[in-house]
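Enquirer:
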Amino acid sequence: MAELSATSSGQPGSPGLAAPTPGPRLKRAWGPAFEAILVPLGAILLALVLFGLFCKAQGQDPFKVYASIYKASFGSWFAFQNTLMRTAPLMLTALCTALPARLGMIVIGNEGALVMGGIGAVIAGLAVPAWPPHLALGLMALSGMIWGGLWISLSAGLRQYRGVNETISSLLLNYISIAILNHLVNGPMKDPSSLNKPSSFPIAEEIMLGRITFGDFTMRVHWGLGYGLVACVILWFLMQRTTFGYQARFIGANPKAARLGGLPVNRTTLITCFLAGGCAGVAGMVEVAAVHGRANESLAAGFGYAGILVAFVARFHPLAIVPVSLLLGGILASSGILQRAHKLPDSTSLVFQGLVFLVILFSDSLYGRFKIFKP
Amino acid sequence: MESFWLVTLAILAGAVRGGTPFLFVSLGECLTEKSGKINLGQEGSLLAGAMTAYAVSHHSGSPWYGVLAAMGTGMALGLLFAWLAQLPRTNDIAVGIALMLFGSGIAFFFGKPYIQPSAPLLPGIPLGAWSSSSQIQAALRICPLFFLGLLTAFFLAWFLRSTRWGLQIRAAGDQPSAARALGISLKSVRTWAAMAGSGLAAVGGSYLSLYYPGAWTEAISGGQGLMAVALVIFARWDPKMCLVASLLFGGAQSVGPALQAAGIQTGYYLWNASPYVLTLIVMIITCSTKKSLAGAPGALATGE
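Which chain is which? The protein sequence lines are A and B, in order.
Counting from 1, position 283 in the first sequence corresponds to residue 283 in the numbering used here; the numbering is continuous, with no gaps.
Position in the second sequence (from 1) plus 1000 gives the number in the numbering used here.
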């Protein structure tokens, strides 16, 4: 990605050399920022129009469909909590694509890292059923992070030391991780009482991740949401405000110069990918510790693939991931009502995600095309 | 001795049966990459092709119309890919991922009504009719699409090596600036290559739904469209080697079921991962950080 922008930056009128054109100060300061916000927003609007036309072609009134989506995702406190529960794993899996993207890598092994993190969390949870809940949860999160982190680091290592394309290797690792999960829950870890859906033994009730409470006020949403928010803020700080993040972005912008300048390219890449995979691993831990209570095939529910979309729409910015996850969480939460009220199949949300993805990529080609944003 | 030959025959038959979709997808990917773009969206074309083929076969009563319709769907997705991937500041890998999502979404959405009904399937050519053994008859029952794929592989090798259009495709993939200087339109060459490649992938999908396993389900593809990218690397961008690689991968896919049939239960689920592990191992062995691979089109992944 970044290699690409590095080669295409030789366009006429590249910034930096030309004297700044006189213009209103406001525009000079805020033009690029407006562009960075308005172009993706416009793209999402275009995707909404296209999806509306798609619904129309299916004989559905698009406005009624959108009204249903709104009602089922943000229309009531109950619906909004449903959305928030889906937002939590999305934020964490999106970071798995967003961080390596800063290094110029496209990692799409989110689903695999989530599954491995879930496995790691279950193993930790089963090992310490009697520990105090906070300690046990901490250990489970750590274990999930390490398993997911190592999983993506494997991809990064293969790229740095063997030149294997990280997109393909991380994708293959998704399939391999699901095979490992199936092997474990059908063999060594199988709970004999889980007949219809082979699962691991459940972790103890006491060490499950609880709901968010403030005094008397209890939400249905679990603390995974807090994990996601904290991870987004910490990683934003790491990537934008520290030397490490600067190194990573420098490598992404120009890997050759970074190497020549003596930056620890391999180490930075491996650490970033470990953190990225760790986030997806924590998403797996949250799914295990707060939702399923055990490891089974429900772990691979598609949050990993949806996370790729979130990362691209957010343009790999850790803080932008929060609102985008919220939006997509709402779309996912409304999948049920589309089936019940509009007779649209459950894959409708997949069509919508694909449309948004395509339009967002199309909008990438629009940057710098509009004079109005020029400083 | 006879049982040894039977097992060997069964493995070969399994390689042909499981390898045919790999063959089409990898040939399509090979053609696309020769022109200088990587299309990860082949998975979407494969799924959309499988769905279209089954649906058209169900309505028209002829599986061959299904194959044709699948090709059309694949070419439409290929056109979308070529357009988006050649816009300024977009990236072919990212466009491929998006098309994978979009193609499978479209396939699942429109394929929902076709999960239940049955459609006429492609006939197998009974090459084993001379034998009285039912095992040999089953093993030598080969889909006509396999022979079509075989022909395509040799045709593509000749086409890329010895024709004017083949030269233009190779030039666009190897030396885009030189191709441009020769007056070759990169845009149209790459668009045609991507359309044809995506169409081939969709034909591979029609094999899945119309021959083996021979029904439309949402889990019909196990990522064959994605593994094609690795297969092409393994085959060093040579259509004839794509044939070898596809048969190898088809064989690897049938190891798990074969062992289970032989009574070996341990690690059944792990064996399911063998094609993916094999792909990864192949890539680890063949790739290198030092030099670009022999036979790799020069413009791949440079964004040009």
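Virtual Cβ for every residue (Gly too), placed ideally from N, Cα, C.
Look at the Cβ atom of B:K1037, then the Cβ atom of B:I1169, and state whether they are nearer than 8 Å.
Expert: no
Enquirer: Listed from N- to C-terminal order along the chain, which residues in the segment 151-175 of chain A have their beta-carbon within a distance smaller than 8 Å of any beta-carbon of chain B?
Expert: L158, Q160, Y161, R162, G163, V164, N165, T167, I168, S169, L171, L172, L173, Y175
Enquirer: Going straight from the alpha carbon of A:H317 to that of A:L126, what length do you get?
Expert: Taking the straight line joining both Cα atoms gives about 36 Å.
Enquirer: Can you check whether the C-beta of A:L17 is within less than 8 Å of a C-beta belonging to chain B?
Expert: Any reading at A:L17 must be qualified, since the residue scores a pLDDT of 45, below 50, and its modelled position is unreliable; the value itself is stated next. Output row for A:L17: interface = no.
Enquirer: Give a yes or no on whether the C-beta atoms belonging to A:S200 and A:N296 are separated by under 8 Å.
Expert: yes
Enquirer: For chain B, check one thing: does any of its Cβ atoms lie closer than 8 Å to the Cβ of A:L361?
Expert: A Cβ of chain B is located within less than 8 Å of the beta carbon of A:L361.
Enquirer: Would DSSP call A:N82 helix, strand or coil?
Expert: helix
Enquirer: Please check if any C-beta of chain B sits within less than 8 Å of the C-beta of A:V351.
Expert: At least one C-beta of chain B is nearer than 8 Å to the C-beta of A:V351.
Enquirer: Taking A:F357 as part of the alpha helix (DSSP H), name the residues at either end of that continuous run.
Expert: 348-364
Enquirer: Taking Cβ-Cβ distances shorter than 9 Å, what residues in chain A pair up with B:T1020?
Expert: Those do not exist, as B:T1020 stays about 20 Å from chain A at its closest Cβ, beyond 9 Å.
Enquirer: Mapping DSSP to helix, strand and coil, what is A:I106?
Expert: Here A:I106 sits in coil by DSSP.
Enquirer: What do you get for A:A19, buried or exposed, if any count of 16 or more other CB atoms within 10 angstroms of its CB means buried?
Expert: Interpretation of A:A19 is limited by its pLDDT of 49, a score under 50 that renders its predicted location unreliable; the figure taken from the coordinates is listed afterwards. With fewer than 16 other Cβ atoms within 10 Å, it is exposed.
Enquirer: Looking only at DSSP bridge pairs, what is B:R1141 linked to?
Expert: B:P1126
Enquirer: Does the beta-carbon of B:L1156, which I'm using as the reference point, lie nearer than 7 Å to any heavy atom of the ligand MG?
Expert: Of ligands this structure carries none, so the ligand MG is not represented either.
Enquirer: Where does A:V282 sit, in a helix, a strand or coil, going by DSSP?
Expert: Helix, per DSSP.
Enquirer: Can you round the beta-carbon distance between B:F1022 and B:L1231 to whole angstroms, since I take them to be within the 8 Å contact cut?
Expert: Yes, they are in contact, since the Cβ atoms of B:F1022 and B:L1231 sit about 6 Å apart, within 8 Å.
Enquirer: Would you kindly report the start and end of the unbroken beta strand (DSSP E) that includes A:M219?
Expert: Where A:M219 is concerned, the enclosing beta strand (DSSP E) stretches over 217-222.
Enquirer: Report yes or no: do the segment 351-366 of chain A and the segment 1095-1104 of chain B share at least 3 C-beta pairs separated by less than 8 Å?
Expert: Three or more beta-carbon pairs separated by less than 8 Å link the segment 351-366 of chain A to the segment 1095-1104 of chain B, which places the two stretches in contact.
Enquirer: Work out the CA separation of A:S325 and B:G1295 for me, nearest whole Å.
Expert: 42 Å
Enquirer: When you compare each of A:V65, A:S169, A:T213, A:E287 to B:I1233 by their alpha carbons, which one comes out closest?
Expert: A:S169
Enquirer: Quick one: what does DSSP say A:K190 is sitting in, helix, strand or coil?
Expert: Strand.
Enquirer: Is the Cβ-Cβ distance between B:S1057 and B:A1119 less than 8 Å?
Expert: yes
Enquirer: Over what stretch of residues does the beta strand (DSSP E) that includes A:F429 continue unbroken?
Expert: Any question about residue 429 of chain A goes unanswered here, given that chain A covers just 1 to 375.
Enquirer: With 16 as the cutoff for other CB atoms within 10 Å, does A:Q160 come out buried or exposed?
Expert: buried
Enquirer: List, in order along the chain, the chain B residues whose C-beta lies closer than 7 Å to that of A:T348?
Expert: Neighbours of A:T348 on chain B, chain order: F1109.
Enquirer: Between A:P12 and chain B, is the shortest Cβ-Cβ distance under 8 Å, so that the two count as touching?
Expert: The predicted model places A:P12 with a pLDDT of 40, which falls under 50 and marks its position as unreliable, so this point remains unresolved.
Enquirer: Assign B:G1225 to buried or exposed, taking buried as 16 or more other Cβ atoms, counted over all protein chains shown, within 10 Å of its Cβ.
Expert: B:G1225 should be labelled buried.
Enquirer: Would you tell me roughly how many angstroms separate the C-alpha atoms of B:A1098 and B:G1298, rounded to the nearest one?
Expert: 25 Å
Enquirer: How would you call A:H134, buried or exposed, if buried means at least 16 neighbouring beta carbons within 10 angstroms?
Expert: exposed
Enquirer: Along the chain, where does the alpha helix (DSSP H) that runs through A:M208 open and close?
Expert: No alpha helix (DSSP H) contains A:M208, which DSSP labels as neither H nor E.
Enquirer: Taking Cβ-Cβ distances shorter than 9 Å, what residues in chain B pair up with A:L358?
Expert: Going along chain B in sequence order, the residues near A:L358 (Cβ under 9 Å) are L1080, L1084, V1095, A1098, L1099, L1101, F1102.
Enquirer: Using the C-alpha atoms, what's the distance from B:Y1212 back to A:L59?
Expert: The amino acid occupying residue 59 of chain A in the given sequence is Gly; Leu does not appear at that position. Distance from the CA atom of A:G59 to the CA atom of B:Y1212, rounded to whole angstroms, is 34 Å.
Enquirer: Does A:D364 get closer than 8 Å to chain B when you measure Cβ to Cβ?
Expert: yes
Enquirer: What residues in the segment 232-255 of chain A have a beta carbon less than 7 Å from any beta carbon of chain B?
Expert: none
Enquirer: Taking beta-carbon pairs under 8 Å, can you tell me which members of the segment 59-81 of chain A lie near chain B?
Expert: none
Enquirer: Using only the alpha-carbon positions, how far apart do B:A1179 and B:A1193 sit?
Expert: 15 Å
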